[in-house]
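Numbering (our numbering), first residue to last: 69 to 225. The structure appears below as structure tokens.
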């Protein structure tokens, strides 16, 4: 009896092949989130099912004006304001953005990419988007409106 005569037990790798029979799904549950300036913003994104090779990224904006906020392939940077909430995970891509500022307002998308022809990545599945508004003493900002703060302690007469 040689070393190859007995079958090896299956190796379990979290998030890989665990749900191979199910189609891939990306879930971005928040449609709108409001956060105070200086606080930490949580953007939720989870996946399930069999995923093709390719990274998950968080993008701010869509089309030509988008900016990559988080890329699964990048090493975490200690000084970065953006970090994974559950790392490492192949199914939970929730991110935290620390010290939120007015310029962080906008719509964020969790996007699963796949390797396309000639190794070029293409969008495989995109979340529905989360519109982030930022509030502070100066008022509230979002990507579609601005509301000045109401004066406090003033009497009209």
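Each residue gets a CB set at the ideal place from its N, CA and C atoms; glycine is no exception. Quick caveat, the model's predicted, so the values are computed rather than measured.
*asked:* Rounded to the nearest angstrom, what separates residue 175 and residue 187 at their Cα positions?
replied: In the chain shown, the residue the question calls residue 175 occupies position 107. In the chain shown, the residue the question calls residue 187 occupies position 119. The straight-line gap from Cα to Cα measures roughly 28 Å.
*Count the CB pairs spanning the region 97-106 and the region 197-205 that are closer than 8 Å, and state whether there are at least three.*
With a cut-off of 8 Å, the region 197-205 and the region 97-106 count as touching, because enough Cβ pairs lie within range.
*Name the two residues that bound the continuous beta strand (DSSP E) containing residue 113.*
To locate residue 113, count along the chain shown from 1; it is residue 45. Counting along the chain, residue 113 falls outside any beta strand (DSSP E), and DSSP gives it neither H nor E.
*What residue from 137, 183, 133, 132 has the CA that sits closest to residue 161's CA?*
Within the chain shown, numbered from 1, the residue matching residue 161 stands at position 93. For residue 161, the closest alpha carbon among the candidates 137, 183, 133, 132 is that of 137.
_Local Cβ density within 10 Å of residue 118, reported as buried at 16 or more and exposed below that_ = Mapped onto the chain shown, residue 118 falls at position 50. Exposed, by the Cβ-count rule.
*Measure the C-alpha to C-alpha separation of residue 122 and residue 173 and round it to an integer number of angstroms.*
Translated into positions along the chain shown, residue 122 becomes position 54. Translated into positions along the chain shown, residue 173 becomes position 105. Each residue's alpha carbon lies about 27 Å from the other.
*Can you give the Cα-Cα distance for residue 158 and residue 115, rounded to whole angstroms?*
By 1-based counting over the chain shown, the position of residue 158 is 90. By 1-based counting over the chain shown, the position of residue 115 is 47. Residue 115 has its alpha-carbon roughly 8 Å from the corresponding atom of residue 158.
*Determine which residues share a DSSP beta bridge with residue 181 and list them.*
Position 113 of the chain shown holds residue 181. As computed with DSSP, residue 181 is found in a beta bridge with 191.
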